[in-house]
Amino acid sequence: MNMKKATQLALGIVTGVGGFFDIGNLATSAQAGASFRLQLLWALALGTILVIFLIEMSGRFAAVSGKALPDAIREHFGFGFWLVPFLVLTLVHVLVLASEIGGICFALHLLTGLRPAVWALPVAILVWLFLWRSIFSTIENSTSLLGLLALGFVVAAVQHHPPSGELLAGMLPSLPHHDPAKYWLIAVSILGSVMAPYLFYFYSSGAVEDKWDSSYVGVNRGIAFLGMGFGSLIAFAAIVVAALVLAPRGIEVDDYHQAAMMLTDAFPFWGFILFAAIMAIACLGAGIEVSLSMAYTTAQTFGWNWGEDLNPREDARFCLVYTGAIFLSSLLILFGIDPLKLTLFTMAISAFVLPFVAIPFLLLMNDRKLLKEHANGWISNTVAAFLLVLSIVLAVVTIPLVFLGGS
Amino acid sequence: MKSAKVHLELLVGREVHDSEGKRVGRLLSVTAEREGDDCVVREFLLGPAALLKRLGITTLHIVGFQRKKPLAVPWDQLDLSDPERPRLTCRADELKRKTT
Amino acid sequence: MKRLDLFRDVLDKQVTDREKTKMGRVDGLVLELREGQPPRVVSIEMGFVVLARRLHPRLADWFLRLRRRVHVRKQACYSVPWSRVLDVSPFCVQLDVEAAETPAFDWECWLRDHVIAHLPGVAK
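Protein chains in written order, with the numbering used here: chain S, 1 to 407; chain A, 1001 to 1100; chain Z, 2001 to 2124.
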């Protein structure tokens, strides 16, 4: 592997780690740890394994075919077939973006005392400015490097000395001792937050922006396994910290204020500020990605000119999609929707829509005319088949659980 | 010379019947050849699984599920004068099956 | 490509201009049926109304009515004669036109001149 690829691999792993954690992981991890201690670690482990494969396939697809997912799906399946996944993906994008903006607003509320709704428009402008003025690689690198701050959760988790017996037991699926509806709803939400559709759709467009070709298949595999793998450690750590700090005090996370206390045991003086900083940065990075993802998906669907590296004058429609998305999503926070409830609802919806957005993608991974020798082998196809079945199960159980689990 | 215009995108996956009204299959693809500035249709392919054939994927073959091979219809044996009801100009059994 | 599958290789394909600038997608294809001769492709069509018609003809009518109130393009559907097609590759259908001079870019140009130009910090 030459120097350039090695650098890309290193950068990719770092951005994967720093970029993994977002409001969905934070909210679901805090709830999981506070209500069920370490019992839900298996859901996170399962989601991580599956998302590693999804990201690897997405990157491999883009590198070998030279096309991003929305582009390829419309071309191969036709407009009629793509329309439903496209509309569903757009809805999820808006909800996730609103959740991320809500996260930044809440973090600022923690630091200043001003209500989150007050911060909605300033935050929207900040997110917008990042996209308007920056080129793709700058965005990728800056927010993800800062995102390494979230490793603070890992430090805190280690400091709390989690009991190894309980840790190992949590890695295997088990039945809850209380509140089964809530338990399974959180499990589904964890899966929805880790296997967020925007993640693997965005990743393919990013690979095209970075001009990857077939020679990047190895780099892609490294980024998927190591970047996502290590990144998920942060979410694991968040569950551990919530389990050892919040659960013993009987604190259930019904509000972000309760989650905000998670780091104050490990870091007595600045744990509160660290939590707010992690929340703000993680959500900023993710918010930028989701906005871009929505713009990529829309522009590619209709064949418009697209690219973060282009001057806005060259891809007006692409730029106006992310602009519109950011301001529309911020309205949800401006009108005072509870950010935590919105996030948990959105994570459940992400799980619900997985079959619609994953099935076309998984079918395409077997197209030998497009991918030649890089089409899915039996390992990837086995995981894909499992993912397909799981996604359909999730789609069936999610809505009833939302009502039963009391979101 | 009489000529009529047809919107090809509205024909994707349309059911085709033969001259006796028997259902033959769905319109899977239209093979054409570029001749200079022109693009001329040579044949139509019909079959049961329109979408999957269009994808060119082999997923079903992986699972070992072999479907009927598509039917090749030369250009002069498909009547598109009523685009909502494409018909063969002959009986289904008078056509040969194409190997894919 | 000399031999084409019109559904797989042309329909829904990315359309680019001479300079490979993306302009839209092949939303529709018009075939001319000729007596005693094989049908030939007459034009490529691009536009929301063409897409709407693929879903349901009534949707296309609704879209046309909406257009009467709000339109930037001079015509609802941009039709390109097949003779303008330079190349059909696995990546795109390349046309012998310049994007900015075609109706495909009407919205793009309008938004660029009336919205983007008024936003701060456009030149990077």
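C-beta atoms are modelled at their ideal positions from N, C-alpha and C, and glycine is treated no differently.
This structure is a prediction, so every number in the text was calculated from the model and none was measured.
CB contact below 8 Å: residue i versus chain Z
i                  : result
Leu-1060 (chain A) : Here Leu-1060 (chain A) scores only 47 on pLDDT, less than 50, and its place in the model is too uncertain to base an answer on.
Thr-1089 (chain A) : no
Glu-209 (chain S)  : no
Asp-71 (chain S)   : yes
Leu-167 (chain S)  : no
Lys-1069 (chain A) : no
Glu-1015 (chain A) : no
Phe-86 (chain S)   : no
Ala-60 (chain S)   : For the sequence presented, residue 60 (chain S) should be read as Arg rather than Ala. So no, Arg-60 (chain S) is outside the interface.
Leu-320 (chain S)  : yes
Gly-103 (chain S)  : no
Gly-1064 (chain A) : Low confidence applies here, because Gly-1064 (chain A) scores a pLDDT of 46, under 50, leaving its location unreliable and the question unanswered by this model.
Ala-1004 (chain A) : yes
Val-1024 (chain A) : no
CB contact below 8 Å: residue i versus chain A
i                  : result
Arg-2028 (chain Z) : Residue identity check: residue 2028 (chain Z) is Gly in the sequence provided, not Arg. Taking Cβ atoms only, chain A reaches closer than 8 Å to Gly-2028 (chain Z), which makes this a yes.
Lys-2002 (chain Z) : yes
Glu-2108 (chain Z) : no
Pro-2120 (chain Z) : no
Which listed residue (the options) has its alpha carbon closest to that of residue i
i                  : options                                        : result
Leu-26 (chain S)   : S:Pro-400, S:Ser-232, S:Thr-301                : S:Ser-232
Gln-39 (chain S)   : S:Pro-400, S:Ile-186, S:Ala-325, S:Val-17      : S:Ile-186
Leu-114 (chain S)  : S:Val-155, S:Tyr-201, S:Gly-336                : S:Gly-336
Glu-2035 (chain Z) : A:Ala-1004, A:Asp-1038, A:Pro-1083, A:Leu-1045 : A:Ala-1004
Ser-2083 (chain Z) : A:Arg-1014, A:Asp-1037, A:Asp-1079, A:Cys-1090 : A:Asp-1037
Ala-325 (chain S)  : S:Val-51, S:Glu-75, S:Val-94, S:Ser-215        : S:Val-94
Ala-156 (chain S)  : S:Val-241, S:Pro-70, S:Phe-20                  : S:Val-241
Phe-2109 (chain Z) : S:Leu-148, S:Arg-313, S:Asp-265                : Sequence check: residue 2109 (chain Z) is Cys here, not Phe. When each option's Cα is compared against that of Cys-2109 (chain Z), the closest is S:Arg-313.
Ser-267 (chain S)  : S:Ser-144, S:His-160, S:Thr-48, S:Ile-139      : Position check: residue 267 (chain S) holds Phe in this sequence, whereas Ser was assumed. Nearest of S:Ser-144, S:His-160, S:Thr-48, S:Ile-139 to Phe-267 (chain S), Cα basis: S:His-160.
Ser-2043 (chain Z) : Z:Arg-2067, Z:His-2056, Z:Tyr-2078             : Z:Tyr-2078
Ala-72 (chain S)   : S:Glu-209, S:Val-393, S:Ser-205, S:Ala-385     : S:Ser-205
Arg-2112 (chain Z) : S:Leu-320, S:Leu-344, S:Leu-362                : S:Leu-320
Phe-356 (chain S)  : S:Ile-13, S:Ile-333, S:Phe-403, S:Leu-390      : S:Leu-390
Leu-1045 (chain A) : A:Lys-1022, A:Glu-1094, A:Arg-1026             : A:Arg-1026
Ala-6 (chain S)    : S:Arg-221, S:Tyr-256, S:Phe-403                : S:Arg-221
Gly-426 (chain S)  : S:Pro-85, S:Phe-81, S:Val-118, S:Leu-146       : In the structure displayed, chain S extends from 1 to 407; residue 426 (chain S) sits before or after that span and is not available.
Classification of residue i by the beta-carbon crowding that lies within 10 angstroms, buried from 16 upward
i                  : result
Met-3 (chain S)    : exposed
Arg-2054 (chain Z) : buried
Arg-1085 (chain A) : exposed
Gly-123 (chain S)  : Per the sequence shown, the amino acid found at residue 123 (chain S) is Val instead of Gly. It is buried - the Cβ of Val-123 (chain S) has at least 16 other Cβ atoms within 10 Å.
Gly-1064 (chain A) : Low local confidence applies: a pLDDT of 46 at Gly-1064 (chain A) is under 50, so the model's placement there is unreliable, with the coordinate-based value given in what follows. Classification for Gly-1064 (chain A): exposed.
His-76 (chain S)   : buried
Gly-2024 (chain Z) : buried
Gln-2037 (chain Z) : exposed
Arg-1946 (chain Z) : Any question about residue 1946 (chain Z) goes unanswered here, given that chain Z covers just 2001 to 2124.
Arg-2008 (chain Z) : buried
Ser-330 (chain S)  : buried
Val-353 (chain S)  : buried
Trp-2039 (chain Z) : Residue identity check: residue 2039 (chain Z) is Pro in the sequence provided, not Trp. Label assigned to Pro-2039 (chain Z): buried.
Pro-162 (chain S)  : buried
Ile-399 (chain S)  : exposed
Ile-1062 (chain A) : Any reading at Ile-1062 (chain A) must be qualified, since the residue scores a pLDDT of 45, below 50, and its modelled position is unreliable; the value itself is stated next. Classification for Ile-1062 (chain A): exposed.
Ile-13 (chain S)   : buried
Endpoints, alpha helix (DSSP H) assigned at residue i
i                  : result
Ile-23 (chain S)   : 23-36
Leu-2055 (chain Z) : 2048-2055
Val-396 (chain S)  : 378-404
Arg-2025 (chain Z) : It is not in any alpha helix (DSSP H) - Arg-2025 (chain Z) instead sits in the beta strand (DSSP E) that spans 2022-2025.
Gly-19 (chain S)   : 3-20
Val-154 (chain S)  : 152-159
Neighbour flag for residue i against chain S, beta carbons, 8 Å
i                  : result
Phe-2091 (chain Z) : yes
Asp-2012 (chain Z) : yes
Leu-2033 (chain Z) : no
Leu-2051 (chain Z) : yes
Unbroken beta strand (DSSP E) run spanning residue i, endpoints
i                  : result
Lys-1005 (chain A) : 1003-1007
Ser-1029 (chain A) : 1023-1035
Gln-39 (chain S)   : Here Gln-39 (chain S) belongs to no beta strand (DSSP E), and DSSP marks it neither H nor E.
Cys-2077 (chain Z) : First-last for Cys-2077 (chain Z): undefined, no H or E at that position.
Asp-2087 (chain Z) : 2085-2088
Glu-2032 (chain Z) : 2028-2034
Is it the case that the stretch 86-106 of chain S contacts the stretch 120-132 of chain S, given that we only count it when at least three CB pairs across the two stretches are under 8 Å? Result yes; three or more Cβ-Cβ pairs closer than 8 Å.
Review point. Would you call the stretch 368-385 of chain S and the stretch 60-67 of chain S touching, i.e. three or more CB-CB distances under 8 Å?
Key: yes
Worksheet entry | Any 3 or more C-beta pairs closer than 8 Å across the stretch 300-313 of chain S and the stretch 165-178 of chain S | no
**Study point:** contact_flag[the stretch 306-313 of chain S, the stretch 271-284 of chain S] where n(CB pairs < 8 Å) is 3 or more
**Key:** no
- Are three or more beta carbon pairs between the stretch 377-384 of chain S and the stretch 133-145 of chain S nearer than 8 Å? no
Indicate whether the contact test is met: 3 or more Cβ pairs, each with one atom in the stretch 196-211 of chain S and one in the stretch 47-58 of chain S, closer than 8 Å. yes
Review point. Counting pairs of Cβ atoms below 8 Å between the stretch 284-298 of chain S and the stretch 79-91 of chain S, do you hit three or more?
Key: yes
Open item on the list: Assess contact between the stretch 342-357 of chain S and the stretch 43-51 of chain S, defined as three or more Cβ pairs (one per stretch) separated by less than 8 Å. Is contact present?
Closed with: Touching, no.
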